[in-house]
Amino acid sequence: QLIFKHYLPDFPEEKCVETSGIYTNGVFDSENPAPLVKVGDMGILELWHGPTAAFKDMALQALPHLLGESMQVLTHTDKVLILVATSGDTGKAALEGFKNVKGTEIMVFYPEHGVSTVQEQQMTTTDGANTKVVPVTGNFDQCQSAVKEIFGNPDLRDKFKEQGIAFSSANSINWGRLLPQIIYYYWAYLQGMDSQRVRPGEKMNIVVPTGNFGNILAAYYAKEMGLPINNLICASNENNVLTDFFNQGVYNRNRPFFVTSSPSMDILISSNFERFLYEVSGRDGSKIGKWYHDLQDLGEFTVDADTLAKARKAVTAGWASEADVLRVIQSVYKEYSYVLDPHTAVAVKVYHDYVRESGDNTYTVIASTASPFKFAKTVLEGIEPSAITDDEWTNLRKLKEITGWSIPEGLQGLEDKETFGLDPVRPEEIPGLIQKVYTSKGLGSSIQ
-8 QLIFKHYLPD FPEEKCVETS GIYTNGVFDS ENPAPLVKVG DMGILELWHG PTAAFKDMAL
52 QALPHLLGES MQVLTHTDKV LILVATSGDT GKAALEGFKN VKGTEIMVFY PEHGVSTVQE
112 QQMTTTDGAN TKVVPVTGNF DQCQSAVKEI FGNPDLRDKF KEQGIAFSSA NSINWGRLLP
172 QIIYYYWAYL QGMDSQRVRP GEKMNIVVPT GNFGNILAAY YAKEMGLPIN NLICASNENN
232 VLTDFFNQGV YNRNRPFFVT SSPSMDILIS SNFERFLYEV SGRDGSKIGK WYHDLQDLGE
292 FTVDADTLAK ARKAVTAGWA SEADVLRVIQ SVYKEYSYVL DPHTAVAVKV YHDYVRESGD
352 NTYTVIASTA SPFKFAKTVL EGIEPSAITD DEWTNLRKLK EITGWSIPEG LQGLEDKETF
412 GLDPVRPEEI PGLIQKVYTS KGLGSSIQ
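Numbering-wise, my numbering puts 220 at position 229 of the sequence shown, and it's gapless, one number per residue.
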């Protein structure tokens, strides 16, 4: 509540109180929406107890409240069309947050072969009157670029404005996504103090598995606000463009794209990295503009030595291979009977590498971003490969039987639900599809 009030001075206090209340109103599956669990010497911050079993719920349950109040503050009477590109978890969390919310329409785009079976079923079974889900024959970066181009097209914005429609986003390019994420890092620290793992004022490390750099950027903002953080550790999968940047000072997207077991991190163009560079470059907009023009035109950019030094001072980076992910899932389960999803396994591997290389034994919080049941086949491959079947829904039940963990409520019975997804489109067809659905046929009508 205090953090909302700090960043939203135009909002009435009761709206900040109301928005804060989402974390205790029964939407999350426990009284503690983000418990800090002791696993060996690590603190695992479980951010996946919301309705879609992913960390995106922590922000996307709040965003509709923030967007609605913003429309009132700005006396905005148009309907809002929320366009979302997703690599898996954001899509369903956004759909669930905005489903049947008055004054909004939402369309989600995801890479057709770039999300898990469970993630796809979660999205396509959303039955809101204002929700639409579209597979794209491309990767996440192509989905995200297409949506960004729409936001940056003044002619298209004007055309929709004439129809009484304004654009918005539920991706982390929207500040309303980042703000709630700052809060749970403070909550992690308070839990660490409560359990006496850290003393008041003592610093902790935070490891974040990230592709779009939003989750770790929220931790960076928390640190800049005064939260006692010693080091932020950026964990990547085989799409390790961020690791290479922190090692070399070169951001280069001209590289192979890998489809991995941690699809929410299968990203080569990290949207929020621009915001981070803005901070560590001394808020030099001209530098940022040049670098990102180079990225668009050449596929890469190189930062100056001073900016790189400040970036490295703020963040350490590492990455994990697919083989590393399975080894970590296996070892953590064998030693602690704790079940990691592939994204969190990436973070744990990078954490162990960091401790071995640095000798830094500061108490460390690992941001756990998804329930292992969303990636049951991969988790079983690490824990008990002989149990794997060709049916992902059977794999969920097998994982439950083997571990004794409960399947999250939002994932139960998914395989039997009716699906509502639209036909696949190519990335370049996205603007035309949006116009077809929301202008020529009228807002909210569906394709026949």
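Where a beta carbon is used, it is the ideal one built from N, C-alpha and C, also for glycine.
Supposed contact pair G309 and Y269 - C-beta distance, whole angstroms, cut 8 Å: Rounded to the nearest angstrom, the Cβ distance from Y269 to G309 is 24 Å, too far for a contact under 8 Å.
Nearest-angstrom Cα separation, counted from D288 out to G433: Residue placement at G433 is flagged as unreliable, the pLDDT there being 49, under the threshold of 50; a coordinate-derived value is accordingly withheld.
V28 to G34 span [Cα, whole Å]: 5 Å
C-alpha gap between V294 and E215, whole angstroms: The C-alpha of E215 is placed about 22 Å away from the C-alpha of V294.
Validate contact between the region 189 to 198 and the region 167 to 175 using beta carbons, cut 8 Å, 3 pairs: no
Residue from D20, L317 and V271 with nearest C-alpha to A336: L317
Three-way DSSP call (helix, strand, coil) for K408 in this model: coil
Between the CA atoms of Y342 and D351 - distance to the nearest angstrom: 10 Å
Pairwise C-alpha distance: E383 and T108: 7 Å
Close beta carbons around T116, own chain, < 8 Å, minus the five adjacent residues each side: L405, K408, E409, T410 and F411
Euclidean distance between Cα positions of P24 and H40: Taken atom to atom, the span from the alpha-carbon of P24 to that of H40 is near 6 Å.
As assigned by DSSP and simplified to three states, the class of P126: strand
Where A120 sits in the DSSP three-state scheme: coil
Residues that DSSP places opposite A157 in a beta bridge: V71
CB of S362 within 8 Å of CB of P333, strictly: no
Three-state secondary structure (DSSP) of E313: E313: helix per DSSP, three-state reduction.
Per-residue burial, S437 [other beta carbons within 10 Å of its own, 16 or more giving buried]: Because the pLDDT of S437 is 36, which lies under 50, any placement of that residue in the model is unreliable, and the question is left without a value.
Nonlocal neighbours in the same chain, by C-beta distance under 8 Å from E419, ignoring five residues either side: A137
Sequence-distant residues of the same chain with beta carbon closer than 6 Å to E4, five excluded per side: Counting only Cβ-Cβ distances below 6 Å, and skipping sequence neighbours, we find nothing.
Within 8 Å, strictly: CB atoms of V307 and I224: One detail in the question is off: residue 307 reads as Thr in this sequence, not Val. Yes, the Cβ-Cβ distance between T307 and I224 is below 8 Å.
Endpoints, the beta strand (DSSP E) within which T293 is located: E291 to T293
Contact the region 75 to 91 vs the region 110 to 130: 3+ CB pairs below 8 Å: yes
Cβ-Cβ separation, M114 to V127 (assumed contact under 8 Å), whole Å: The distance from the Cβ of V127 to that of M114 is about 12 Å, inconsistent with a contact at the 8 Å cut-off.
Residue burial classification, V64 (beta-carbon count within 10 angstroms, cutoff 16): Per the 10 Å Cβ criterion, exposed.
Alpha carbon of D275 to alpha carbon of I13, nearest angstrom: Our two residues, D275 and I13, have alpha carbons roughly 37 Å apart in a direct line.
Check whether I73 and S159 have beta carbons under 8 Å apart: yes
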